[in-house]
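Asks: Top line first, the protein sequences correspond to chains H and R. The opening position of the first sequence corresponds to residue 9 in our numbering, with each subsequent residue numbered one higher. The opening position of the second sequence corresponds to residue 114 in our numbering, with each subsequent residue numbered one higher. Just so it is clear, CB atoms sit at the ideal spot from N, CA and C, and this is done for glycine as well. Next up is a structure, given as structure tokens.
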Amino acid sequence: NAGVTQTPKFQVLKTGQSMTLQCAQDMNHNSMYWYRQDPGMGLRLIYYSASEGTTDKGEVPNGYNVSRLNKREFSLRLESAAPSQTSVYFCASKRGWRGQSRQPQHFGDGTRLSIL
Amino acid sequence: AQTVTQSQPEMSVQEAETVTLSCTYDTSENNYYLFWYKQPPSRQMILVIRQEAYKQQNATENRFSVNFQKAAKSFSLKISDSQLGDTAMYFCAFLGTSYDKVIFGPGTSLSVIP
Numbered sequence: 009n010a011g012v013t014q015t016p017k018f019q020v021l022k023t024g025q026s027m028t029l030q031c032a033q034d035m036n037h038n039s040m041y042w043y044r045q046d047p048g049m050g051l052r053l054i055y056y057s058a059s060e061g062t063t064d065k066g067e068v069p070n071g072y073n074v075s076r077l078n079k080r081e082f083s084l085r086l087e088s089a090a091p092s093q094t095s096v097y098f099c100a101s102k103r104g105w106r107g108q109s110r111q112p113q114h115f116g117d118g119t120r121l122s123i124l
Numbered sequence: 114a115q116t117v118t119q120s121q122p123e124m125s126v127q128e129a130e131t132v133t134l135s136c137t138y139d140t141s142e143n144n145y146y147l148f149w150y151k152q153p154p155s156r157q158m159i160l161v162i163r164q165e166a167y168k169q170q171n172a173t174e175n176r177f178s179v180n181f182q183k184a185a186k187s188f189s190l191k192i193s194d195s196q197l198g199d200t201a202m203y204f205c206a207f208l209g210t211s212y213d214k215v216i217f218g219p220g221t222s223l224s225v226i227p
């Protein structure tokens, strides 16, 4: 009964390095999300994917890219990490939207990323 | 664009008492959904309660209830008989029906004092 699985849980990078955060869900959900959480700012949406094969920008997409590899997996890539991207990153999934919009999101346990 | 505001960064309440957390939002949509999530120190995000905008009746879940004022775009969370385990960050979240984006407020840190 895994739900949403994020890897890794912790990572330290140097400025300019690249990194891919992985997210997988086993609930057959259509929609997947990436958020970053910073003190005093709550969860800010980076990118989301309403269905397999589609991705859309959220509130803070700059410096990130995403790939919806298949229905289960949604990865977040930092091409050239910057100290401002130090944060806790959460992946979430939801059954769908339109007629199923009211279904809540399920969250992973987060990835704590530090960029020196 | 939708925005969610939580004007109380920190709150505290005595154990067994009642506390109300505020949330306001801005949207031009008529149909939407609102959620309160709890994030304890373990960092897990736990759904507390949800409200559908087309339902006039306020949602309740055991000790948790909401006061949904659609015209005022207000969605407050009331916690009755506060328990030590209620100590957490609480996030208000908005989900519209035009796009599948879920937008969160900045959060309120609640401390329950023994």
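Quick check on the DSSP output: what are the complete alpha helix (DSSP H) runs of length 4 or more inside the region 26 to 68 of chain H, in order along the chain?
Replies: Here no run is fully enclosed.
Asks: Quick one, which of I192/R, Y145/R, K183/R and Q182/R has its alpha-carbon nearest S125/R's?
Replies: Out of I192/R, Y145/R, K183/R and Q182/R, I192/R has the C-alpha closest to the C-alpha of S125/R.
Asks: Using the C-alpha atoms, what's the distance from T63/H back to G6/H?
Replies: Outside the displayed span of chain H (9 to 124) sits residue 6/H, for which this structure offers no information.
Asks: Taking buried to mean at least 16 other C-beta atoms within 10 Å of its own C-beta, is T221/R buried or exposed?
Replies: So T221/R counts as buried.
Asks: I want to know whether the region 85 to 93 of chain H touches the region 121 to 138 of chain R - three or more CB-CB distances under 8 Å.
Replies: Judged by Cβ distances under 8 Å, the region 85 to 93 of chain H makes no contact with the region 121 to 138 of chain R, as fewer than three pairs qualify.
Asks: List, in chain order, every chain R residue whose beta-carbon is nearer than 9 Å to that of A32/H.
Replies: By Cβ distance, chain R contributes nothing, its closest Cβ being about 17 Å from A32/H, past 9 Å.
Asks: Residues in the same chain with beta-carbon distance under 7 Å from F98/H, minus the five sequence neighbours each way, listed in chain order, please.
Replies: So the list reads Y43, Q45, L51, F115, G116 and G118, once near-sequence residues are dropped.
Asks: Please work out which residues of its chain come closer than 6 Å, Cβ to Cβ, to N38/H, disregarding the five sequence neighbours upstream and downstream, and give them in chain order.
Replies: Once the five neighbours on either side are set aside, the close Cβ partners of N38/H are S59 and G104.
Asks: In terms of residues, what are the limits of the beta strand (DSSP E) holding G209/R?
Replies: It spans A201 to G209 - the beta strand (DSSP E) in which G209/R sits, taken as one unbroken run.
Asks: To the nearest angstrom, how far is it from the Cα of L77/H to the Cα of Q14/H?
Replies: C-alpha separation (whole angstroms): 15 Å.
Asks: Assuming contact is defined by CB atoms lying nearer than 7 Å, are A201/R and F217/R in contact in what I supplied?
Replies: No, Cβ-Cβ distance for A201/R and F217/R is not below 7 Å.
Asks: Note the first and the last residue of the continuous beta strand (DSSP E) segment covering R80/H.
Replies: No beta strand (DSSP E) contains R80/H, which DSSP labels as neither H nor E.
Asks: Is the Cβ-Cβ distance between F177/R and L147/R less than 7 Å?
Replies: It is not a contact, given that the beta carbons lie outside the stated cut-off.
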